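Student: To convert, take the position in the sequence shown, counting from 1, and add 164; that gives my numbering.
Idealized CB from N, CA, C, for every residue including glycine.
Being a predicted model, the structure only gives us computed values, none of them experimental.
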Amino acid sequence: MASGAVSTGFTPIHSGDPKGAKQKQKTRAAKIVSLYAQPPPYDAALEELETFSLDRLKVLRGIERARLSNSSEADVRKKTKELLRKYASEGDELRRDQISHFMLRLAYCQTEDLRRWLVDQEADLFKVRFEELVHKEQKDFLQEIDLKVGVVEQEEYERVKSGLSVVHGKSSNATHRDFFKVPFEAVPSLVSTRRVFLHKGWAYVGANQMGPLVVGHFKAHLRKALQTAAKSWPHVAATDETNRLAPIVAFLSKQYLGPDYSEVKANGSSAATLEEIPALSRSHFPLCMKHLYNSLQSNNHLRHQGRMQFGLFLKGIGLPLDSALQFWKRAFAPKVQGDKFDKQYAYNIRHNYGKEGKRADYTPYTCMKVISSTPGSGEYHGCPYKTFSESNLRATLQQLHISGSDQKQVVELAKNHHYQLACGKVFQLTHNGVVADEGINHPNQFYDLSRQCCSKNDALAPATPGFKLTNE
């Protein structure tokens with residue numbers, strides 16, 4: 165790969181066979197299962213780095229949606245395989261897998277939220293791949309990594325067979341190959357629920373129970389690698405990779421895979437008008453934009469980041485520049501009058517529409533960008549599922565007529581840092597059970613999907629009269 169790749173600090177343990185010989189014995193599936201102990205030894209064009217990484221992101225986000233949509237384990241495995249066939253099977257699969265993993269490692273090492281997300285999704289992908297291996301392939305893999313796992317030989321199996329049958333059930337087909345042994349402290353959940361046989365400090369774990377143990381090991385190593393990369397990458401990016409990897413890594417960490425909503429919609433039924441904004445806010449705005457709109461109405465002002473987040477959202481729903489200027493001037497009127505507004509605020513609004521300065525066409529913020537920002541005192545931007553206290557979030561959901569187990573599910577998703585999934589669940593609960601198939605990844609996507617769910621006659625029907633938000 166391009167120079168400047170960050171070392172992970174892993175120290176894999178091999179079983180003694182020459183590495184080249186062992187690689188030849190592996191099946192195609194077994195080669196892909198990896199702790200990613202070393203940066204990939206491949207050359208790659210910059211275009212490939214971006215393409216491979218975006219395809220892997222599609223796989224990981226698809227797994228995330230499947231995992232948190234109450235799908236069964238079998239359905240998650242099936243969906244993962246479908247995603248891999250669609251996005252990760254073209255060309256040299258091993259090369260593509262290694263390069264894309266390390267690129268996302270650099271992109272997602274930047275913040276704790278990004279690191280946590282990548283670890284969770286990569287672990288789910290690893291689990292599916294590991295469980296697809298046959299027993300010999302699992303054994304070979306365990307011998308290669310720094311994990312205290314012992315193979316149960318036939319003679320030992322005969323000694324503990326009766327104990328194993330008590331815990332795991334009697335099976336005439338069971339053999340020593342169906343079990344591994346690990347230090348009992350490595351599997352506390354299995355020990356506490358009496359799902360393993362204990363003998364002389366060892367827990368005898370069925371081959372079909374090894375997944376969680378190995379996945380835990382994978383997650384621990386990846387967390388450590390991401391922390392190392394977080395410390396090292398800024399120095400590399402500022403020197404050797406300023407004009408090569410750094411722009412791609414910065415792009416990937418904020419990447420949204422849908423429309424960018426950068427162009428103001430043409431005049432027509434889909435373009436928002438100034439008069440429609442109040443009704444649209446009640447019926448079709450996502451929670452982040454409801455919060456900004458209501459805060460603006462209450463305070464007659466928003467600070468810079470709030471104006472940017474909400475102003476670009478309004479641009480994305482089709483509000484023309486002249487209407488945007490009227491909207492903000494009216495909203496600020498009690499505190500900012502006449503010439504003062506024109507001097508202090510009008511320029512920035514025209515700038516967002518590409519009419520001032522370098523005349524760039526600024527795009528509305530994606531969910532990733534919204535989530536990455538943290539509002540200070542007196543500020544209302546950011547993602548409410550991240551910034552609201554639990555009690556405030558519950559009160560807000562209650563105003564949306566979301567209560568009971570549904571409310572609990574949304575709160576749990578937010579508490580576990582699945583902010584976009586919490587937003588998607590709220591969309592489902594407030595739109596007659598309609599599911600956003602691709603998840604919610606952009607506030608303007610939420611708005612468009614909401615408009616599509618409503619007929620032309622009731623598109624502007626108020627969903628929650630008197631709705632009010634605070635972030636106390």
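Going by CA-CA distance only, name the one from S329, P411, R341 and S326 that's closest to Q318.
Tutor: Per the Cα distances, R341.
Student: Less than 6 Å between C-beta atoms, sequence neighbours within five positions excluded: which residues of the same chain meet that for Q592?
Tutor: Excluding sequence neighbours, Q592 sits near V599.
Student: Based on the DSSP secondary-structure assignment, which residues constitute the bridge partners of A367?
Tutor: Bridge partners of A367: V346 and L362.
Student: Report yes if the CB atom of I481 is closer than 8 Å to the CB atom of A524, and no otherwise.
Tutor: No, these two residues do not count as a Cβ contact at 8 Å.
Student: Taking the straight line between their C-alpha atoms, what separation do you get for H448 and Y611?
Tutor: Whole-angstrom Cα-Cα distance: 5 Å.
Student: From what residue to what residue does the alpha helix (DSSP H) around K589 run?
Tutor: From DSSP, the alpha helix (DSSP H) with K589 extends over Y583 to T594.
Student: As a quick exercise: from R280, N608 and R220, pick the residue whose alpha carbon is nearest that of N580.
Tutor: Residue R280 is the option with its Cα nearest to N580.
Student: Going by DSSP, what residue range makes up the alpha helix (DSSP H) through G470?
Tutor: Residues H468 to G480.
Student: Can you find the residues in the same chain that come closer than 6 Å, C-beta to C-beta, to G347, ignoring five residues on each side of it along the sequence?
Tutor: First, the amino acid is wrong: residue 347 is Pro here, not Gly. Around P347: K312.
Student: Compute the distance between the beta-carbons of L456 and H515, then report whether it is under 8 Å.
Tutor: Against a cut-off of 8 Å, the Cβ pair of H515 and L456 comes out as no contact.
Student: What would DSSP say about G375, mapped onto helix, strand or coil?
Tutor: Helix.
Student: Report the option in V534, A384 and E554 whose CA atom is closest to the CA atom of A578.
Tutor: Selected option, being the one with the closest Cα: E554.
Student: Output the boundary residues of the alpha helix (DSSP H) element that contains N464.
Tutor: Segment: none, N464 is in no alpha helix (DSSP H) and carries neither H nor E.
Student: Output needed for D219: all residues of its chain with C-beta closer than 8 Å, excluding positions within five of it in sequence on either side, in chain order.
Tutor: So the qualifying residues of the chain are Y251, A252, R260 and S264.
Student: Quick one, are the C-beta atoms of T560 and Y425 less than 8 Å apart?
Tutor: Not closer than 8 Å, so no.
Student: Where does D506 land, buried or exposed, given buried means 16+ other C-beta within 10 angstroms?
Tutor: The residue is exposed, with fewer than 16 neighbouring Cβ atoms inside 10 Å.
Student: Which partner residues of V574 appear in the DSSP bridge assignment?
Tutor: Answer by DSSP bridge pairing: none, since V574 is not bridged.
Student: With respect to the alpha helix (DSSP H) encompassing G518, which residues constitute its N-terminal and C-terminal limits?
Tutor: Per DSSP, G518 belongs to no alpha helix (DSSP H) and is neither H nor E.
Student: Which same chain residues end up closer than 7 Å to A410 when comparing Cβ atoms and leaving out the 5 residues on each side of it in sequence?
Tutor: Hits under 7 Å: A401.
Student: Output the distance between the C-alpha atoms of A488 and M453, rounded to the nearest integer angstrom.
Tutor: Distance between the alpha carbons of A488 and M453: 15 Å.
Student: Going by alpha carbons, who is nearest to P607 out of N596, G597, C618 and V590?
Tutor: Among N596, G597, C618 and V590, the Cα nearest to that of P607 is on V590.
Student: Can you give me the start and stop residues for the alpha helix (DSSP H) that K550 sits inside?
Tutor: From DSSP, the alpha helix (DSSP H) with K550 extends over P548 to T551.
Student: Can you tell me which of the three DSSP states P484 falls into?
Tutor: It is coil, neither helix nor strand.
Student: Give, in chain order, every unbroken run of the alpha helix (DSSP H) that is at least 4 residues long and sits entirely within the segment 257-284.
Tutor: List check, alpha helix (DSSP H) in window: 257-271.
Student: Which value, in whole angstroms, describes the spacing of the CA atoms of Y583 and H565?
Tutor: Spanning the two alpha carbons is a distance of roughly 19 Å.
Student: With a threshold of 16 other CB atoms inside 10 Å of the CB of R231, please say whether the residue is buried or exposed.
Tutor: R231 is buried by the Cβ-count criterion.
Student: Got a sec, what are the start and stop residues for the alpha helix (DSSP H) K303 sits in?
Tutor: H299 to E308 is the span of the alpha helix (DSSP H), which, as asked, contains K303.
Student: Please go through the same chain and pick out, in chain order, the residues whose beta-carbon is closer than 7 Å to the beta-carbon of K303, but skip the five residues on each side of it.
Tutor: Excluding sequence neighbours, K303 sits near V315.
Student: Among the candidates Q202, A201, E228 and A209, whose CA atom is the shortest distance from the CA of L585?
Tutor: Of the candidates Q202, A201, E228 and A209, the one whose C-alpha sits nearest the C-alpha of L585 is E228.
Student: Have a look at the DSSP bridge pairing and note the partners of G314.
Tutor: For G314, which the question treats as bridged, DSSP gives the partners K345.
Student: According to the Cβ coordinates, are L324 and F382 closer than 8 Å?
Tutor: It should be noted that the sequence gives Val, not Leu, for residue 324. No. Outside cutoff.
Student: If you follow the alpha helix (DSSP H) that D239 is in, where does it begin and where does it stop?
Tutor: Taken as a continuous stretch (DSSP letters only), the alpha helix (DSSP H) holding D239 covers E237 to Y251.
Student: Here's a check: name, in chain order, each residue in its chain whose Cβ is nearer than 6 Å to the Cβ of N378, leaving out the five neighbours to either side.
Tutor: The question names Asn, but residue 378 is Val in the sequence shown. F294, listed in sequence order.
Student: Can you look up F449 in the DSSP assignment and give me helix, strand or coil?
Tutor: F449 falls in the coil class under three-state DSSP.
Student: Do you know offhand how far V575's Cα is from S569's?
Tutor: Approximately 10 Å, taken between the alpha carbons.
Student: According to the neighbour-count rule (16 or more other Cβ atoms, all chains shown, within 10 Å of its Cβ), is K479 buried or exposed?
Tutor: Under this definition K479 is a buried residue.
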